[in-house]
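Going down the list, the protein sequences come from chains A and B.
All residue numbers for the first sequence refer to my numbering, where the first residue is 722 and numbers rise by one.
All residue numbers for the second sequence refer to my numbering, where the first residue is 722 and numbers rise by one.
Here a beta-carbon is modelled for each residue, glycine too, at the ideal position from N, C-alpha and C.
There are 2 protein chains.
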Amino acid sequence: MRTKTPTAPLSRAELVSLSNDIRLACMRISRRVRFESDREMPPHRFSVLCRLESTPRTNSELADIERVSAPSMKRTTNTLVELGYIARADDPTDGRQVILSLTPEGRRAVKRVRKQRDEWMLSRFEHLTDEERELLQRAADVLAKVASE
Amino acid sequence: MRTKTPTAPLSRAELVSLSNDIRLACMRISRRVRFESDREMPPHRFSVLCRLESTPRTNSELADIERVSAPSMKRTTNTLVELGYIARADDPTDGRQVILSLTPEGRRAVKRVRKQRDEWMLSRFEHLTDEERELLQRAADVLAKVASE
DNA sequence: TATTGTTATACTCTATAACTATA
DNA sequence: TATAGTTATAGAGTATAACAATA
């Protein structure tokens, strides 16, 4: 809650500049999170595991969600089956469908990668002041809003 | 410029949670900027053009900066030469080296993609309040610090 | 016949190893 | 001989088109 003079709305030029700053910072952070935190799990594999975390899905559903072709998703899920991270099961009501779900090992892998990424972020926060951290905490909701709309 | 009670430092649990929130927001924003703003310029090509913006470089230098192999970078730069975005020139002092630099068209392409990406971000800002924008402006410096260290 | 899953084939970007030319 | 650039080849991801099996 600010008590001084209410800030004047940002000018058009300031908004353009802000847009550039926020975009660059997010892209750089994102790049470093991916490149420096997990070395064994490529992004597309990890993304599929996350999609299966809440509920089992078919290959086609995953292809739709990730916006890749069914054959392409098929290759990714095949690899994940070979790695023991997901399991296949026939749909009892529709013989054409195959249900994919996380194995316990797959669930552990998701947690492990998330932890690595968060630890990388956390290590960045060590160099910030308490005020800067508090500022980030309030900005997090706004960033989430920007990302989701 | 806060006047109320100075905020207590964030607890360990709050920091872990914040780390997760900021990471996810940045990754989602980054993903949408790439997927939704420019459809013709793949990320690795754009990145190379940006590296040549300030100064000409050799293929090997670019490979080192982008952390890919020299042959891989060679393919990317070949494509960019074919597209007319970069030009090759023999080094006058060392006949083994080839200097790569942006053409005027390449420079325009960089500006065009940046503008598209910023416009996407800008359109996201329309749904924010003035207070939220002002908060983001102050957070931008902190995010840049997180990304750069 | 319509739909789901799979296979066949090809294109792109990645890499390592080998070759060519210059210092 | 060392180094910069390039070429050869292979691996992993993407795609579209065609095929097989089930509803």
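Report the neighbours of Leu856 of chain A on chain B: residues whose CB is nearer than 7 Å to its CB, in chain order.
What Leu856 of chain A touches in chain B: Arg859, Ala860, Val863.
Can you check which of these residues, A:Gly827, A:Glu761, A:Leu773, A:Asp742, is closest to Ala861 of chain B by C-alpha distance?
The candidate whose alpha carbon is nearest that of Ala861 of chain B is A:Asp742.
For a contact meaning CB atoms closer than 7 Å, what does Arg744 of chain A contact in chain B?
Result: Val754, Arg838, Asp839, Met842.
Which of helix, strand or coil DSSP assigns to Arg817 of chain B:
The answer is coil: DSSP assigns Arg817 of chain B none of H, G, I, E or B.
Sequence-distant residues of its chain with Cβ nearer than 7 Å to Phe846 of chain A (five each side left out)
So the list reads Arg854, once near-sequence residues are dropped.
Where does Arg778 of chain B fall in DSSP's three states?
Strand.
Are Arg744 of chain B and Arg744 of chain A closer than 8 Å when you measure CB to CB?
Cβ distance not < 8 Å, so Arg744 of chain B and Arg744 of chain A don't count as in contact.
Sequence-distant residues of its chain with Cβ nearer than 8 Å to Trp841 of chain A (five each side left out):
Excluding residues up to 5 positions away in sequence, Arg753, Val754, Glu757, Ser758 lie with their Cβ nearer than 8 Å to the Cβ of Trp841 of chain A in the same chain.
By the criterion of Cβ-Cβ separation under 7 Å, what are the contact partners of Arg749 of chain A in chain B?
Within chain B, the residues near Arg749 of chain A are Ala868.
Classify Leu801 of chain A as helix, strand or coil using the three-state DSSP reduction.
In the three-state DSSP reduction, Leu801 of chain A falls in the helix class (H, G or I).
Residues in the same chain with beta-carbon distance under 6 Å from His848 of chain B, minus the five sequence neighbours each way, listed in chain order, please.
Hits under 6 Å: none found.
How would you write the range of the beta strand (DSSP E) that Asp811 of chain B sits in, first residue to last?
807-811 is the extent of the beta strand (DSSP E) around Asp811 of chain B.
Evaluate Ser751 of chain A with the Cβ neighbour count: other Cβ atoms within 10 Å of its Cβ, from every protein chain shown; 16 or more gives buried, anything less gives exposed.
Ser751 of chain A should be labelled buried.
Under the three-state reduction of DSSP, which class applies to Ser822 of chain B: helix, strand or coil?
In this structure, Ser822 of chain B counts as strand in the three-state DSSP scheme.
Helix, strand or coil at Gln731 of chain A according to DSSP, with G and I counted as helix:
According to the sequence shown, residue 731 of chain A is Leu rather than Gln. If DSSP states are grouped into helix, strand and coil, Leu731 of chain A belongs with coil.
Tell me where the alpha helix (DSSP H) around Asp851 of chain A begins and ends.
First-last of the alpha helix (DSSP H) with Asp851 of chain A: 851-869.
Taking CB distances under 8 Å as the criterion, tell me whether Asn741 of chain A reaches chain B.
Yes, its Cβ sits closer than 8 Å to a Cβ of chain B.
Cβ shell of Arg828 of chain B (< 8 Å), same chain only, five flanking positions each side left out
Excluding positions up to five away in sequence, the list reads Glu774.
Out of A:Ser844, A:Cys771, A:Ser793, A:Val819, point me to the one whose CA is closest to Leu736 of chain B's CA.
Shortest Cα-Cα distance from Leu736 of chain B to any of A:Ser844, A:Cys771, A:Ser793, A:Val819 involves A:Ser844.
Tell me, please, whether the CB atom of Val737 of chain A is closer than 8 Å to any CB atom in chain B?
Cβ-Cβ to chain B under 8 Å: yes for Val737 of chain A.
Kindly indicate if chain A contains any beta-carbon less than 8 Å away from that of Ser803 of chain B.
Note that residue 803 of chain B is Glu in the sequence shown, not Ser. For Glu803 of chain B, the answer is no, since every Cβ of chain A falls outside 8 Å of its Cβ.
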